[in-house]
Amino acid sequence: MTPKDTTQSVRVSRAADRVVAATRTARLARIAAADDLRARARRRSRMFRYGMILAVLVAVALAITTIVYATLDHRADGRAATDDAVLTAAGSATTTMLSADPAHAETYVNAVLALSSGPQRDRVERSARALAAAVAAQPVASTGRVISSGLVTDPDSDDTGTRAEVLLVAQASDPQLVGGDPDADRVTLRLSMIRGADGWLVDSAVVA
421 MTPKDTTQSV RVSRAADRVV AATRTARLAR IAAADDLRAR ARRRSRMFRY GMILAVLVAV
481 ALAITTIVYA TLDHRADGRA ATDDAVLTAA GSATTTMLSA DPAHAETYVN AVLALSSGPQ
541 RDRVERSARA LAAAVAAQPV ASTGRVISSG LVTDPDSDDT GTRAEVLLVA QASDPQLVGG
601 DPDADRVTLR LSMIRGADGW LVDSAVVA
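Going by this note's numbering, the sequence shown opens with residue 421, and the numbers climb by one from there.
In structure tokens:
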């Protein structure tokens, strides 16, 4: 082999080595790139899963919050309706107790009995005759109206047997009908109300 051939062989060998090295480098680069792509894909997959989990948690939290607020709002509406029913019944009962026509004394007593319960009803029943006589002796019909009222204790529910306390001020032409001062034209009453089968009734009525 001539020196020229030897030189040519060396050049070919070096070129081949460079091709092999370049090929190896390219392969390693592809492997590294593939690893990076896989890592990125895994990160994206984890982020997607985390995002979905977070979205589900937010949706559940919103649903729970909506249900809670709806329940509380419904309960608040129910309590407000019950409070109004108590105050309405107390006001109506007070107006009835202060409105007596001497020409219909027995009717007055029966009306007071109908709105009474417990100790209040027992008291009216015991004094029914005396009360009717007092009403019949009035020179004119007595009248009364509630000026203001409020709950002292709120009712726990609208169930039968539930109790509530009401304080009210009424204008009256004859306050004595409920134990008030005969010289006054107003009377303050504290009414104990109890939920009966057909509505709220007066369990006791005392001058405050």
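From the three backbone atoms N, C-alpha and C, an ideal C-beta is built for every residue, glycine too.
Taking buried to mean at least 16 other C-beta atoms within 10 Å of its own C-beta, is Asp594 buried or exposed?
buried
What first and last residue would you give for the alpha helix (DSSP H) that runs through Val529?
Ala525 to Ala534
Which of the three DSSP states, helix, strand or coil, is assigned to Gln558?
coil
DSSP state of Ala441 mapped onto helix, strand, coil
helix
Using the three-state DSSP reduction, which class does Asp603 fall into: helix, strand or coil?
If DSSP states are grouped into helix, strand and coil, Asp603 belongs with coil.
If you run the structure through DSSP and keep just helix, strand and coil, what is Ser612?
strand
Quick one: what's Arg565 bridged to in DSSP?
Gln591
Rounded C-alpha distance that separates Arg469 from Ala459
15 Å
Which of the three DSSP states, helix, strand or coil, is assigned to Asp623?
Looking at Asp623 - three-state DSSP - the assignment turns out to be strand.
Report the rounded CA-to-CA distance for Ala617 versus Arg549, giving the unit in angstroms.
Put simply, the backbone Cα of Ala617 is about 27 Å away from that of Arg549.
Closest to Arg610 by CA distance: which of Ala604, Asp503, Asp623 and Ala592 is it?
Asp623
Taking Asp542 as part of the alpha helix (DSSP H), name the residues at either end of that continuous run.
Gly538 to Arg546
Neighbourhood of Gly600 by C-beta distance below 6 Å, restricted to the same chain and skipping five residues each side
Val607 and Val627
Can you have a look at Gly511 and say buried or exposed, based on whether 16 or more other CB atoms are within 10 angstroms of its CB?
buried
Does DSSP put Ala584 in a helix, a strand or coil?
strand
Buried versus exposed call for Ser568 [16 or more other C-beta atoms within 10 Å across all chains shown]
When all chains shown are included, Ser568 counts as exposed.
Option in Asp579, Ala523, Trp620 and Pro559 with minimal Cα separation from Val586:
Trp620
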